[in-house]
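In what follows, a structure is listed as structure tokens, so that the remarks can point back to it.
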Amino acid sequence: MTYNNSVFVGNWLEERLQNEYQFMLFLRKRDRKELLLQRSRTLFSNLLRERPLAISGTFLLYGYNVQVVNSDMPVKGKTADGKPQYGLALSSVVNPRQVDNMQDISDGCLMSLSPITTPCCRNTFVLVNVSDESIRGEQLKYGDEFLLRAENYGDPKTGAKLIIKNCVADKSLCVMNQSWMQTFFGPECGVTCRNYIDIHKRYTAENVFTLVSDIATKSKE
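Here you go:
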């Protein structure tokens with residue numbers, strides 16, 4: 033027997049069988065679209081799928097899609113032409129570790145304020161009446177409880193500046209403009225519930241949001 037390059041050493045048979053088995057698993061996952069790359073693409077496609085906002089109109093209506101946008105806070109970095117960009121939309125965030133077990137928005141998702149303000153699944157919400165979820169088409173009024181507690185009465189117009197409060201914490205939704213983080217969708221701003229009040233006891237820009245039901249209202253005035 034002569035020793036040369038064609039001689040196998042070690043557990044060569046087991047290694048070959050293991051490689052063949054792993055390749056079979058790879059093909060099976062690929063056919064079932066269970067590979068991480070495939071699931072990531074599906075997740076991006078689901079979450080960034082554009083969704084229509086409410087029909088153009090003056091008032092906010094229950095049962096229609098809206099966005100929660102802070103139009104006065106600047107985005108980290110500048111646009112290609114060097115001009116500052118404004119506008120942060122409340123959005124759901126999926127942790128990269130969650131890609132394997134979820135392909136859409138679900139309960140328990142973290143929230144952030146994203147510079148991506150194009151209406152899509154992760155930043156578009158439905159106005160739901162607390163007492164009756166089937167109500168659709170009725171106007172949202174100041175003082176109505178859903179997750180918004182306003183200080184005045186009347187008919188809030190789409191695009192109006194609002195203070196959105198968490199009914200449990202009794203704190204206002206705010207932009208954490210000094211806390212930017214890298215997410216699955218790029219750099220995004222943190223969001224929490226906290227009151228930012230100036231010396232005149234007025235809410236500052238960190239607490240001022242807009243319920244957007246028309247794309248035109250997202251632009252900074």
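Numbering (the numbering used here), first residue to last: 33 to 253.
Yeah, the Cβ is synthetic: ideal placement off N, Cα and C, and Gly gets one too.
Quick caveat, the model's predicted, so the values are computed rather than measured.
Residue i versus the options, residue with shortest Cα-Cα distance
{"i": "R154", "options": "A121, M56, K173, E165", "result": "A121"}
{"i": "I196", "options": "R60, V100, L49", "result": "V100"}
{"i": "C206", "options": "Y174, S144, S163", "result": "S144"}
{"i": "I148", "options": "A201, D63, P106", "result": "P106"}
{"i": "D104", "options": "A237, S245, L243, V244", "result": "A237"}
{"i": "V126", "options": "L57, F76, E47, F55", "result": "F76"}
{"i": "N97", "options": "R83, G109, K108", "result": "R83"}
{"i": "F157", "options": "F55, L79, K65, R71", "result": "L79"}
{"i": "S72", "options": "N239, I229, F216", "result": "F216"}
Which of helix, strand or coil DSSP assigns to residue i
{"i": "L179", "result": "Low confidence applies to L179: its pLDDT is 48, below 50, so where it sits in the model is not reliable enough to give any reading."}
{"i": "D104", "result": "strand"}
{"i": "F76", "result": "helix"}
{"i": "A121", "result": "strand"}
{"i": "K61", "result": "helix"}
{"i": "E238", "result": "helix"}
{"i": "N51", "result": "helix"}
{"i": "L194", "result": "strand"}
{"i": "E46", "result": "helix"}
{"i": "L92", "result": "coil"}
{"i": "C153", "result": "coil"}
{"i": "S163", "result": "coil"}
{"i": "L85", "result": "coil"}
{"i": "I148", "result": "coil"}
{"i": "S245", "result": "coil"}
{"i": "I229", "result": "strand"}
Short Cβ contact (7 Å threshold) for residue i with residue j
{"i": "N161", "j": "Y94", "result": "yes"}
{"i": "S166", "j": "E220", "result": "no"}
{"i": "L243", "j": "L92", "result": "yes"}
{"i": "S124", "j": "C141", "result": "yes"}
{"i": "C225", "j": "A192", "result": "no"}
{"i": "M208", "j": "G218", "result": "no"}
{"i": "K61", "j": "L68", "result": "no"}
{"i": "K115", "j": "W212", "result": "no"}
{"i": "S204", "j": "L85", "result": "no"}
{"i": "F241", "j": "N102", "result": "yes"}
Those residues which DSSP pairs with residue i across a bridge
{"i": "P219", "result": "Q214"}
{"i": "M56", "result": "M56 pairs with nothing; no bridge assigned."}
{"i": "T224", "result": "C206"}
{"i": "Q70", "result": "In the DSSP output, where bridge partners are listed per residue, Q70 has none listed."}
{"i": "N6", "result": "The requested residue 6 is not part of the displayed model; the chain covers only 33 to 253."}
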